[in-house]
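Numbering (the numbering used here), first residue to last: 19 to 126.
Below is one structure, written out as structure tokens; comments come after it.
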Amino acid sequence: VPFPFPFAHMVWIVLVFFSIIAMPLLSALRMSPYKSFICTFISVFVFWAVHHIAVEIELPFGDDPNDLPLDEVNHRFNLVLVNLLEAEAQRTPVLVPGLVMDPAYRLV
Numbered sequence: 019v020p021f022p023f024p025f026a027h028m029v030w031i032v033l034v035f036f037s038i039i040a041m042p043l044l045s046a047l048r049m050s051p052y053k054s055f056i057c058t059f060i061s062v063f064v065f066w067a068v069h070h071i072a073v074e075i076e077l078p079f080g081d082d083p084n085d086l087p088l089d090e091v092n093h094r095f096n097l098v099l100v101n102l103l104e105a106e107a108q109r110t111p112v113l114v115p116g117l118v119m120d121p122a123y124r125l126v
């Protein structure tokens with residue numbers, strides 16, 4: 019399900035507004051200009067990076083380099099289904115009566 023366009027557009031507007039207003043807000047905290055610049059750069063960069071990551075993974079099906087390889091996944095799934103049709107997979111396992119499981123091999 020694609021992300022609603024109005025919400026995505028508002029996120030972009032808020033990011034632009036934050037990018038513009040972050041430096042004056044941080045400098046109002048009586049920080050040195052260098053610390054203010056570094057804090058602003060890091061926070062704005064991280065927010066934009068998260069935004070671009072969200073845009074990239076919004077639609078994971080397609081032809082982009084970061085999209086899921088659906089052809090390969092479908093091919094492997096079909097191979098597993100074909101393997102389930104073989105005679106070895108159809109055989110029911112035989113349980114040995116009186117066999118006690120070693121407590122050392124317990125998973126839980």
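Even glycine gets a Cβ: it sits at the ideal position worked out from N, Cα and C.
Report the rounded CA-to-CA distance for residue i versus residue j, giving the unit in angstroms.
| i | j | result |
| --- | --- | --- |
| Ser-54 | Ile-60 | 10 Å |
| Ala-122 | Pro-115 | 20 Å |
| Pro-83 | Val-112 | 47 Å |
| Phe-21 | Ile-31 | 16 Å |
| Leu-99 | Leu-88 | 16 Å |
What first and last residue would you give for the alpha helix (DSSP H) that runs through residue i?
| i | result |
| --- | --- |
| Met-28 | 23-45 |
| Glu-76 | 51-76 |
Nearest to residue i by alpha carbon, out of the options?
| i | options | result |
| --- | --- | --- |
| Val-68 | Gln-108, Leu-33 and Ile-39 | Leu-33 |
| Phe-63 | Leu-77, Asp-82 and Met-41 | Met-41 |
| Phe-25 | Leu-103, Leu-86, Ala-72 and Leu-117 | Ala-72 |
| Lys-85 | Asp-120, Asn-96 and Leu-77 | Looking at the sequence provided, one finds Asp at residue 85 rather than Lys. When each option's Cα is compared against that of Asp-85, the closest is Leu-77. |
Where does residue i fall in DSSP's three states?
| i | result |
| --- | --- |
| Asn-84 | coil |
| Asp-89 | helix |
| Pro-121 | helix |
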